[in-house]
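> Provided herewith is a single structure, encoded as structure tokens, for subsequent inquiry.
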Amino acid sequence: MNKPLRRVAIAALTLLVILMINVNYIQGSQADKLKTDPLNARQFTAQWQHNRGPITAGGVTLASSKKINKKEYQRLYKQGELYSPITGFLSPFNRTGLEGGYNGLLDGTDKRLTVRNWFDMLVGKKAAGATVQTSINPKAQQAAYDGIRQATLSGRRGAAVAVDVKTGAILAMASFPSYDTNDLATHDSAKAAKASTRLQGQKGNPMLNKAMNEVFPPGSSFKIIDSATALESGGMTKDSPFDASELRLPESGTTLHNSDGDEAKCNGSPPLIQSFAASCNSTFGRLAGTLGQSKLLEQAQKFGFNKPFQVEPDMSSASANYPAKKIGGDDLARSGIGQGDVTATPLQMAMVAQAIANNGKEMKPYLVKRVTAPDQSELATAQEQVLGQPISANTASQLQEMMRQVVLTGTASSVVGGQDIAGKTGTAETGNGYYDDWFVGFAPQHNPKVAFAVVTEGSEQSSGAQNSAPTALRIVQAVL
Amino acid sequence: MSAISTNEAGIPVATRPRRSAQLGMLIFAMIITVAGFAQVGLARDGSLPAGMYGYGIGLGILAAGAYIVVARFAPYADPLLLPLAVFLNGIGLAMIYRLDLNTSADAKATIAAGKSYSYIGPSTTNQLEWTALGIIFFAVTLLVLRDIKIVQRYIYTIGALGLFFLALPGFLPSSISGAMGAKIWIRIGSMSIQPGEFSKLALVAFFAGYLVNKRQAMSTVGKEFGPIKLPRARDLGPILVIWAICLGVLALENDFGSAILFFGLFVSMLYIATERFEWVAIGLLLLAGACLVAPMIPHVAQRIDTWLDPKPYFDGGCKINGVIHNQMAQTCSAHGGQYIADSGQLMRGLFSMGQGGVLGTGMGQGEPWRTPLSYSDFIFTSFGEELGLTGLMVILLAYALIVQRGMKAAIATKDNFSKLFAGGVSFVFALQVFVIVGGVTRLIPLTGLTTPFLAQGGSSLLANWILIAILIRISDAARRPAPQPIQDEGMTQVVNTA
Numbered sequence: 000m001n002k003p004l005r006r007v008a009i010a011a012l013t014l015l016v017i018l019m020i021n022v023n024y025i026q027g028s029q030a031d032k033l034k035t036d037p038l039n040a041r042q043f044t045a046q047w048q049h050n051r052g053p054i055t056a057g058g059v060t061l062a063s064s065k066k067i068n069k070k071e072y073q074r075l076y077k078q079g080e081l082y083s084p085i086t087g088f089l090s091p092f093n094r095t096g097l098e099g100g101y102n103g104l105l106d107g108t109d110k111r112l113t114v115r116n117w118f119d120m121l122v123g124k125k126a127a128g129a130t131v132q133t134s135i136n137p138k139a140q141q142a143a144y145d146g147i148r149q150a151t152l153s154g155r156r157g158a159a160v161a162v163d164v165k166t167g168a169i170l171a172m173a174s175f176p177s178y179d180t181n182d183l184a185t186h187d188s189a190k191a192a193k194a195s196t197r198l199q200g201q202k203g204n205p206m207l208n209k210a211m212n213e214v215f216p217p218g219s220s221f222k223i224i225d226s227a228t229a230l231e232s233g234g235m236t237k238d239s240p241f242d243a244s245e246l247r248l249p250e251s252g253t254t255l256h257n258s259d260g261d262e263a264k265c266n267g268s269p270p271l272i273q274s275f276a277a278s279c280n281s282t283f284g285r286l287a288g289t290l291g292q293s294k295l296l297e298q299a300q301k302f303g304f305n306k307p308f309q310v311e312p313d314m315s316s317a318s319a320n321y322p323a324k325k326i327g328g329d330d331l332a333r334s335g336i337g338q339g340d341v342t343a344t345p346l347q348m349a350m351v352a353q354a355i356a357n358n359g360k361e362m363k364p365y366l367v368k369r370v371t372a373p374d375q376s377e378l379a380t381a382q383e384q385v386l387g388q389p390i391s392a393n394t395a396s397q398l399q400e401m402m403r404q405v406v407l408t409g410t411a412s413s414v415v416g417g418q419d420i421a422g423k424t425g426t427a428e429t430g431n432g433y434y435d436d437w438f439v440g441f442a443p444q445h446n447p448k449v450a451f452a453v454v455t456e457g458s459e460q461s462s463g464a465q466n467s468a469p470t471a472l473r474i475v476q477a478v479l
Numbered sequence: 000m001s002a003i004s005t006n007e008a009g010i011p012v013a014t015r016p017r018r019s020a021q022l023g024m025l026i027f028a029m030i031i032t033v034a035g036f037a038q039v040g041l042a043r044d045g046s047l048p049a050g051m052y053g054y055g056i057g058l059g060i061l062a063a064g065a066y067i068v069v070a071r072f073a074p075y076a077d078p079l080l081l082p083l084a085v086f087l088n089g090i091g092l093a094m095i096y097r098l099d100l101n102t103s104a105d106a107k108a109t110i111a112a113g114k115s116y117s118y119i120g121p122s123t124t125n126q127l128e129w130t131a132l133g134i135i136f137f138a139v140t141l142l143v144l145r146d147i148k149i150v151q152r153y154i155y156t157i158g159a160l161g162l163f164f165l166a167l168p169g170f171l172p173s174s175i176s177g178a179m180g181a182k183i184w185i186r187i188g189s190m191s192i193q194p195g196e197f198s199k200l201a202l203v204a205f206f207a208g209y210l211v212n213k214r215q216a217m218s219t220v221g222k223e224f225g226p227i228k229l230p231r232a233r234d235l236g237p238i239l240v241i242w243a244i245c246l247g248v249l250a251l252e253n254d255f256g257s258a259i260l261f262f263g264l265f266v267s268m269l270y271i272a273t274e275r276f277e278w279v280a281i282g283l284l285l286l287a288g289a290c291l292v293a294p295m296i297p298h299v300a301q302r303i304d305t306w307l308d309p310k311p312y313f314d315g316g317c318k319i320n321g322v323i324h325n326q327m328a329q330t331c332s333a334h335g336g337q338y339i340a341d342s343g344q345l346m347r348g349l350f351s352m353g354q355g356g357v358l359g360t361g362m363g364q365g366e367p368w369r370t371p372l373s374y375s376d377f378i379f380t381s382f383g384e385e386l387g388l389t390g391l392m393v394i395l396l397a398y399a400l401i402v403q404r405g406m407k408a409a410i411a412t413k414d415n416f417s418k419l420f421a422g423g424v425s426f427v428f429a430l431q432v433f434v435i436v437g438g439v440t441r442l443i444p445l446t447g448l449t450t451p452f453l454a455q456g457g458s459s460l461l462a463n464w465i466l467i468a469i470l471i472r473i474s475d476a477a478r479r480p481a482p483q484p485i486q487d488e489g490m491t492q493v494v495n496t497a
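Chains as they are written, first to last, in numbering that gives the first Met the number 0: chain B, 0 to 479; chain E, 0 to 497.
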């Protein structure tokens, strides 16, 4: 009986070897996936036990941890309303913003930290978290938030984004209305759930980061993209004359109106730059029809439309939209003035301005400049990355000139006329009792350093220049 | 005379007792156990826990008693079996102690808040009492069974008793026998017994005895069907009848884990006894058939569904026309759902293991209590969390060593009944570990079986201690030097029937 016994012994031991392989697979290779599984509630309760590292901006600590009892730490946010789009929060049931994207580094469980702290790990001591240094300029952030808060109509929304022209680093990202992240960072799940429900019921969705996760009709600020298309693939220059006379829409025959007071400028066949500075709807509605949907779509997509920007891990923007499905002549004309189905996130428009200011090179936007271990050694540093070259350097320089003209003699001259700033105004009618007021541009006028997009929802008497250009100016003055 | 020589089967055997090796390993097992208790206390309160002395000394005395009995009454026994059992029992006790502290703290808080608290959960005291009883059974088994052949005389009685106890819970009212979807208990007052654990041993004994008597006939006489030679009906009949009764009873009791166990038991023992591989082939074919038929039983189908894709069933999923709806458990039948299944326990067990990673959180520093039944069915994942992959490999290696030592005793012994008995018992032990550990680690669909020596539960502990006693008895007989012949007649005295 020894032969079958040996075989049965081998079979029995094989079963145990299979179990060993399986536990190796689970705990060796699947552990991280299991730890972060959305169904796994322990990641949210264990999170209080970590001495999380701070999130900082230019020497200011935005988020920090304080020991509240033998085992737990409380997360504290400085000026939660101001910095909520950047830090996000740590609640009993979720993590948003950088708190989510950099969770492993912040709480010390990332391999880059645990490997160097292997001895601590062996004796069961928890590793201290890393410091996440953002690229935010606190003064610019404050200017952005104050500006949009003052300009936004009661009950409506606003957002502002400023990026470094050369690197793509986000210098300011403000969203209004906002919320105090501290309300959600309570360890008491009932309280956190209550705060979350209360905020979700409020007007303007405070918890949504309007600067990158909400889209608005870009209005006339989209004329930058029309012009870019005309210069890149329409065979035109900024000085090419183009018919600016009253435009009747091809299908319905209704008139595409210019704004009041601009009728005098929007006549005859002025050079493109002049129609751009005066923001003639007739010109750009007609231009859209001449260029055609596919060229506009192609150019918009080169700037990043129709797909999200990946800003940081777990921090992606919403997608700006230029219609890809075939649209009629009326809608095509409306798309030229940033209406109809065209929508954009403030981040998208800031990146359009950044590409123009950077001689046509669009950079990848990012928020985190550096991550350092508790011993100050560097764990990660931002890698500047070129997303693409949506326009040539020549087109970029002509567009810069056109955007300067808007400030010098055009729609923004009455508001920021004497200032060293360039941009394009946009005022989108929504038909809901408010206008979306845009100012998209860069500063200084020559050798630009900051690109920005500001959108505020103002009254039906407001305009992009009046309502958003002052905020943009405050932001660039804070940076420069 | 050298200490190590080889027997007729070519297996090296000790020809003198290895008491010091056994004692050394036993002390090592106790050190690990006490260290486990100490770490729980240090991690939780920063001081050595009071429980360490009480439970540590308690287990130490029991282990010492077991050692004395083995040293005195089975001196040639394999020196690893007892230390392995004490090690597993000890760390199981430490883990139950750790989980017990946690729920006790919850209980204290609940009572302090003025709410009533009914407590069913881990209990270290209870488990230590059962350990004591288990080691007493171990000692009694060794003392009574001075020769394993005594069992051979009573195989029919033992087989009948095994079958009776296996069937009993199925015929008792659910109030006495049911819990968690299976009817496998007998509850008397606060005591509950899982008779299946003992039936398992009894049926191995019965089959060993029966097959030893009939093996010649079964492997030689019979009808031929092509390449397969089937034994005569009167030889095979009793086995098939008992097999059918077992499986029927288990289906009645919704105990599919045990069904797999008994199935494996029959096939492996038939193969060992007859040395004919056809039995394994037939067994595998039947298994394949069962795999095709089983999903038609709703209770099995939902186990398979939650195994294949557990996520939709997390904390209760209701299957309606092939679509799984989460959080509809309350209204499932009202919506015409086929069944409600819950993968919460399975997923939490896996999350627990994920938390542990390679090195584990350390005893007392994880949150294994989050998994329901973390102290019994899912104690393996609790170890996965607090001792990590490293600890689980040690536990699985300890199981593997028990199996290997048992098989070694089976090969080394000359008596055919002992061979079959030890081989069957070892295989069943390995299969049980495979079914429960594979179940909680999502290797196979989850079925409830106890994790030998680790899980809280009296019957399982008693049965496994008896199992170790049997293996020790057989290995002692196998390794005991043959009595010196009065007249040297050379090898003619030794008959190798294997």
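All residues carry an ideal CB built from backbone N, CA and C; glycine is no exception.
(1) With H, G and I counted as helix, E and B as strand and the rest as coil, what does DSSP make of B/Pro-312?
(2) Kindly confirm or deny that the segment 413-421 of chain E and the segment 455-473 of chain E touch, where touching means at least three C-beta pairs closer than 8 Å.
(3) Which residues in the same chain as E/Cys-331 place their Cβ atom closer than 6 Å to its Cβ, once the five residues preceding and following it in sequence are excluded?
(4) Going residue by residue through the segment 147-231 of chain B, where are the continuous alpha helix (DSSP H) segments of at least 4 residues, counting only ones entirely within it?
(5) Can you list, in chain order, the residues of its chain with a C-beta nearer than 7 Å to that of E/Arg-17? Leave out the 5 residues immediately preceding and following it.
(6) What are the residues that DSSP puts in a beta bridge with B/Arg-5?
(7) In angstroms, rounded to a whole number, what distance separates the CA positions of E/Thr-156 and E/Lys-213?
(8) By a C-beta neighbour count over all protein chains shown, 10 Å radius and 16 as the cutoff for buried, is E/Arg-145 buried or exposed?
(9) Measuring CB to CB, does B/Gly-422 end up less than 9 Å from B/Val-449?
(10) Check whether the Cβ atoms of B/Leu-104 and B/Thr-133 lie closer than 9 Å to each other.
(11) Compute the Euclidean distance between the alpha carbons of B/Glu-71 and B/Trp-47, then round it to the nearest angstrom.
(12) For E/Met-24, which residues of its own chain have a beta-carbon under 7 Å away from its beta-carbon, when the five flanking residues on both sides are left out?
(13) Based on Cα-Cα distance, which residue from E/Pro-121, E/Ala-70, E/Ala-76 lies nearest to E/Ala-477?
(14) With 7 Å as the limit, tell me which residues of the segment 434-454 of chain E have their beta carbon closer than that to any beta carbon of chain B; keep them in chain order.
(15) Leaving out the 5 sequence neighbours to the left and right, which residues in its chain are closer than 6 Å to B/Ala-161 when beta-carbon positions are compared?
(16) What does the alpha-carbon distance come out to for the pair E/Ser-381 and B/Gln-309?
(17) How many whole angstroms separate the CB atoms of E/Gly-457 and E/Trp-242, which I take to be in contact at a CB cut-off of 8 Å?
(18) Which runs of the beta strand (DSSP E) spanning at least 3 residues fall entirely within the segment 323-397 of chain B, listed in chain order?
(19) Determine the direct distance from the alpha carbon of E/Gly-359 to that of E/Gln-215, and round the result to whole angstroms.
(20) Going along the segment 371-383 of chain E in order, which residues come within less than 8 Å of chain B, judged by CB to CB distance?
(21) Just the C-alpha distance for B/Ala-352 and E/Thr-389, rounded to the nearest angstrom, thanks.
(22) Where do the N-terminal and C-terminal ends of the alpha helix (DSSP H) with E/Ser-458 fall, by residue?
(23) Would you check if the distance between the CB atom of E/Leu-506 and the CB atom of E/Ser-373 is smaller than 9 Å?
(24) Would you mind reading off the limits of the beta strand (DSSP E) that contains E/Ile-319?
(25) Would you please verify whether the beta carbon of B/Leu-112 is less than 9 Å from any beta carbon of chain E?
(26) From E/Ala-166 to E/Met-295, what distance separates their C-alpha atoms?
(27) Write down the C-beta distance between B/Pro-217 and B/Trp-437 rounded to the nearest angstrom, noting that I regard them as a contact closer than 8 Å.
(28) Closer than 6 Å by C-beta to B/Cys-279: which residues in its own chain qualify, once you throw out the five before and the five after it? Chain order, please.
(29) For chain E, check one thing: does any of its Cβ atoms lie closer than 9 Å to the Cβ of B/Arg-285?
(30) In angstroms, rounded to a whole number, what distance separates the CA positions of B/Ser-274 and B/Asp-329?
(31) In the DSSP assignment, the alpha helix (DSSP H) including E/Phe-262 goes from what residue to what residue?
(32) Would you mind giving the Cβ-Cβ distance between B/Val-326 and B/Gln-292, rounded to the nearest angstrom? I have them listed as a contact below 8 Å.
(33) Could you work out which residue in E/Ala-399, E/Ile-192, E/Leu-41, E/Ile-67 is closest to E/Leu-460 when comparing CA atoms only?
(34) Excluding five sequence neighbours on each side, which residues of the same chain lie with their C-beta closer than 8 Å to the C-beta of E/Tyr-209?
(35) Would you mind listing the beta strand (DSSP E) stretches within the segment 322-389 of chain E that are 3+ residues and don't spill past its ends, in chain order?
(36) Helix or strand or just coil, what does DSSP make of B/Lys-423?
Short version:
(1) coil
(2) yes
(3) When the five nearest sequence neighbours on each side are left out, the beta carbons in the same chain lying within less than 6 Å of the beta carbon of E/Cys-331 are those of Cys-317, Ile-339, in order along the chain.
(4) 188-199
(5) Pro-78
(6) DSSP output for B/Arg-5 lists no bridge partner at all.
(7) 18 Å
(8) exposed
(9) no
(10) Contact: no.
(11) 5 Å
(12) Pro-78, Leu-79, Pro-82
(13) E/Ala-76
(14) Val-436, Gly-437, Thr-440, Leu-442
(15) Ala-139, Leu-170, Ala-171, Val-449, Phe-451, Ile-474
(16) Rounded to whole angstroms, E/Ser-381 to B/Gln-309 spans 38 Å at the Cα level.
(17) Incorrect: roughly 28 Å between the Cβ atoms, too far for contact.
(18) 367-371, 377-380, 385-387
(19) Straight-line Cα distance between these residues: approximately 52 Å.
(20) Gly-383
(21) 55 Å
(22) 457-478
(23) As displayed, chain E neither begins before 0 nor continues past 497, which places residue 506 of chain E out of reach and without an answer.
(24) 316-319
(25) False, the Cβ-Cβ gap to chain E never drops below 9 Å.
(26) Each residue's Cα considered, the two are about 24 Å apart.
(27) 6 Å
(28) Leaving aside the five residues that flank B/Cys-279 on each side, the residues in its chain whose CB is nearer than 6 Å to its CB run, in chain order, Ala-243, Asn-257, Cys-265.
(29) no
(30) 20 Å
(31) 255-273
(32) In the sequence as presented, Val is not what sits at residue 326 of chain B; that position holds Ile. A Cβ-Cβ separation of about 6 Å places B/Ile-326 in contact with B/Gln-292 under the 8 Å criterion.
(33) E/Ile-192
(34) Ile-154, Gly-158, Pro-237, Ile-238
(35) Restricting attention to beta strand (DSSP E) runs no shorter than 3 residues, the segment 322-389 of chain E encloses them at 322-325, 338-340, ordered along the chain.
(36) Three-state DSSP puts B/Lys-423 in a strand.
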